[in-house]
Amino acid sequence: MSKCLETKFNEILFKNPVIPASGTFGFGREYEAFYDLAKLGGLCSKGLTLEPKSGNTGMRLWETPAGLMNSIGLENPGIDAFIENEWPHLKEIDTVTIVNVGGKDEESYLTAIKKLNAIDAQLIELNISCPNVKAGGMAYGIKAETAGEITRKVVELSRHPIMVKLSPNGEAVADIARACEDAGAQGISLINTLQGMAIDYKKKALVFDNLYAGLSGPAVKPIALRMTHQVCQAVAIPVMAMGGISDWKDALEFIMAGATCVQIGTINFNNPMAPIEIIAGLETYCINEGLANIGQVRGIV
Amino acid sequence: MAVILSNTLVSAGIFKMTVAFTGAVKPGQFFMLRAWDKDPLLSRPISVHNYESGQLTFLYQVVGKGTEILARLQADDEVTIQGPYGNGFPEITGDLCVVGGGIGTAPLYYLARHYREQNPTGKCRIYLGFRDSAYGVDAFEALADEMILDVGGIITNKLVVLASETVVTCGPEIMMETVAKTVPADNTVYVSLEAHMACGIGACLGCSCETRSGNKKVCKDGPVFVREEVFNV
Numbered sequence: 001m002s003k004c005l006e007t008k009f010n011e012i013l014f015k016n017p018v019i020p021a022s023g024t025f026g027f028g029r030e031y032e033a034f035y036d037l038a039k040l041g042g043l044c045s046k047g048l049t050l051e052p053k054s055g056n057t058g059m060r061l062w063e064t065p066a067g068l069m070n071s072i073g074l075e076n077p078g079i080d081a082f083i084e085n086e087w088p089h090l091k092e093i094d095t096v097t098i099v100n101v102g103g104k105d106e107e108s109y110l111t112a113i114k115k116l117n118a119i120d121a122q123l124i125e126l127n128i129s130c131p132n133v134k135a136g137g138m139a140y141g142i143k144a145e146t147a148g149e150i151t152r153k154v155v156e157l158s159r160h161p162i163m164v165k166l167s168p169n170g171e172a173v174a175d176i177a178r179a180c181e182d183a184g185a186q187g188i189s190l191i192n193t194l195q196g197m198a199i200d201y202k203k204k205a206l207v208f209d210n211l212y213a214g215l216s217g218p219a220v221k222p223i224a225l226r227m228t229h230q231v232c233q234a235v236a237i238p239v240m241a242m243g244g245i246s247d248w249k250d251a252l253e254f255i256m257a258g259a260t261c262v263q264i265g266t267i268n269f270n271n272p273m274a275p276i277e278i279i280a281g282l283e284t285y286c287i288n289e290g291l292a293n294i295g296q297v298r299g300i301v
Numbered sequence: 302m303a304v305i306l307s308n309t310l311v312s313a314g315i316f317k318m319t320v321a322f323t324g325a326v327k328p329g330q331f332f333m334l335r336a337w338d339k340d341p342l343l344s345r346p347i348s349v350h351n352y353e354s355g356q357l358t359f360l361y362q363v364v365g366k367g368t369e370i371l372a373r374l375q376a377d378d379e380v381t382i383q384g385p386y387g388n389g390f391p392e393i394t395g396d397l398c399v400v401g402g403g404i405g406t407a408p409l410y411y412l413a414r415h416y417r418e419q420n421p422t423g424k425c426r427i428y429l430g431f432r433d434s435a436y437g438v439d440a441f442e443a444l445a446d447e448m449i450l451d452v453g454g455i456i457t458n459k460l461v462v463l464a465s466e467t468v469v470t471c472g473p474e475i476m477m478e479t480v481a482k483t484v485p486a487d488n489t490v491y492v493s494l495e496a497h498m499a500c501g502i503g504a505c506l507g508c509s510c511e512t513r514s515g516n517k518k519v520c521k522d523g524p525v526f527v528r529e530e531v532f533n534v
């Protein structure tokens, strides 16, 4: 494998800039039947919370044109069970492992972060943007001031680098990104899902028990690309971008908008091989364009 | 990609698609099908109706955009199939009682056929219920020692289970719940659940269902469960 896709995200070396996104990839095990996870630049865990969560009741999935609404509600085994059952497996994979963590209040964030100090994750993705549960932290993520406050406390406590995952549902996203950078975040990821709503007219009822849900998939890509561009213009720390990326061309657009790495989310559901195909497509692009490294086109627009 | 051998209308809104496939497939498993780009976004989980000599058959109901597209496909067209996924039915010994409702009869044909091959002396009784019109009945009848059919009524009203029988049911949830709650406790009852799915492989948690041992994934831990796991019986 050539080094044309090698990417540094601060001091962390990714063999390529392609990372399956949190919530679309479990803890990786389900995709091992399809390919060797070591081919990935990294992988991002399902969103974890301090306590186990059984997730939302009722309908959890609803399709829109080229989009998917979800109301999973952060179903996860909790930090302790993750460290005991999933981490031993994840840490053996020769790729960058990112642990995604959310919380319902400051104490739950900080306790979770403290527990994660016991493992050697390479990067923590701080989820202050899950729209589907009160415990998802979106209350912190929609205002620059509160986003900065929680980030500062987490950064102080964590022995890992912190990348803050931003919501598209709040104040100007560039302002929130700047507040996180000022608070010591070492990276930004975006976007989490866009809050949306679905009504079943036949049943005259809400589709989701939780009222609103998160929209992802190709339908959101133009918004994600715009927000990525705005954030990359606003901060000096690296950005990991996502939102509707379904092939290498989409991934390249986000890199051209300034993203250092890209996360691959909803498309994993249609095509489990998508991240591998995206890596191959980016590599071919570099060869065809005579690029020594993909970084040469980063932020060129 | 799989090549479609045939795709025909069986009854109002019900289609049968046969594709070429090689590989092991258990009764009760399903495939994720798609024949479109990004709209609809997700693939459609469709259970295996039959699998014999390299021919994989799906019996499906047209309920929305995805299945409408599937229904328009013709012989020699290609369809993307991923799978087989799911646990499938366990091997059943002793006698078998099948209870199917509507399109829920789809996976039960392969099950009954497989059971017949594995248990030449076993007794197989089949209950099928349909709301408007029956389909696929002749094929089931060829496998059954006794066949009980109901159209427009409630099939479970006719259900009498023998002590020697393992019961397998698939159909509307209310039907499966009735089977789960009325069959004597000494009989083993397997139910095959349906759910909206995104990935089909256990990653998205879109099809989580509550069980007595915590949340399970219909796609990966199921779709087949023993009744006690998923119904309060």
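In order, the protein sequence lines correspond to chains Z and C. If you read the first sequence in the numbering used here, its first letter stands for residue 1, the second for the next number, and so on. If you read the second sequence in the numbering used here, its first letter stands for residue 302, the second for the next number, and so on. The beta-carbon is built from N, C-alpha and C at its ideal position, and this holds for glycine as well.
Looking only at L252(Z), N210(Z), Q186(Z), the smallest Cα-Cα distance to M59(Z) is reached by N210(Z). When the five nearest sequence neighbours on each side are left out, the beta carbons in the same chain lying within less than 6 Å of the beta carbon of F82(Z) are those of L48, in order along the chain. Less than 8 Å divides the Cβ of Y361(C) from the Cβ of F316(C). By the criterion of at least three beta-carbon pairs nearer than 8 Å, the segment 464-471 of chain C is in contact with the segment 386-398 of chain C. Within 9 Å of the CB of S22(Z), no CB atom of chain C is found; the nearest one sits about 11 Å away. Counting only runs of at least 4 residues, the segment 153-200 of chain Z fully encloses the following alpha helix (DSSP H) elements, listed from N- to C-terminal order: 173-182. Residue range 67-70 is occupied by the beta strand (DSSP E) that includes M69(Z).
Taking every protein chain shown into account, the CB of V154(Z) has 16 or more other CB atoms within 10 angstroms, so this residue is buried. Cα atoms of V220(Z) and E478(C): separation of roughly 39 Å, rounded to the nearest angstrom. Within chain C, the residues whose beta carbon sits less than 7 Å from that of P65(Z) are D340, listed in sequence order. Looking at the DSSP output, R335(C) shares a beta bridge with T381(C).
With contacts defined as CB atoms closer than 8 Å, S22(Z) and N132(Z) fail to qualify as a contacting pair. Between G507(C) and chain Z, the shortest Cβ-Cβ separation is below 8 Å. Inter-segment contact for the segment 270-285 of chain Z and the segment 238-258 of chain Z is present: three or more beta-carbon pairs are separated by less than 8 Å.
At a cut-off of 8 Å, the C-beta of S344(C) has a neighbouring C-beta in chain Z. Of all alpha-carbon atoms in R335(C), E511(C), H350(C), the one lying nearest the alpha-carbon of D378(C) is that of R335(C). If the five residues before and after S167(Z) are omitted, its C-beta is found closer than 6 Å to the C-beta atoms of S129, M138, G141, I142, N192, all from its own chain and listed in chain order. Using a CB distance cut-off of 8 Å, R432(C) does not count as an interface residue toward chain Z. Among the residues of chain C, those whose CB is under 8 Å from the CB of M59(Z) are H497, following chain order.
A distance below 6 Å between beta-carbons, with the five flanking residues on each side excluded, links N117(Z) to the following residues of its chain, in chain order: R159.
Between R345(C) and T368(C), the gap from beta carbon to beta carbon is short of 8 Å. In this structure, the straight-line span from the alpha carbon of Y212(Z) to that of A486(C) is close to 41 Å.
With distances taken between CA atoms, A38(Z) lies nearest to V96(Z) out of T111(Z), V96(Z), L194(Z), K203(Z).
With a threshold of 8 Å between beta carbons, N516(C) makes contact with chain Z. Per DSSP, reduced to three states, the secondary structure at P222(Z) is helical.
In the three-state reduction of the DSSP assignment, N270(Z) falls in the helix class, which pools H, G and I. According to DSSP, G42(Z) shares a beta bridge with V96(Z).
Within chain Z, no residue has its beta carbon less than 7 Å from that of R373(C); the closest one is some 19 Å off.
Inclusion of E86(Z) and F27(Z) in the CB contact set at 8 Å is warranted, their separation being smaller than that value. Here the alpha carbon of M476(C) sits roughly 28 Å from the alpha carbon of L343(C). Shown here, S2(Z) sits in coil according to DSSP, grouped into three states, outside any helix or strand. Residues of chain Z with a Cβ closer than 8 Å to the Cβ of A504(C) are, in chain order, T24, F25, G26, E30, Y31, N268, F269. For R335(C), the chain Z residues whose C-beta falls within less than 8 Å of its own C-beta are N270, listed in chain order. C-alpha of E156(Z) to C-alpha of M333(C): approximately 46 Å in a straight line. With a threshold of 8 Å between beta carbons, C500(C) makes contact with chain Z. Taking a C-beta distance under 8 Å as the contact criterion, P161(Z) and G187(Z) qualify as a contact pair.
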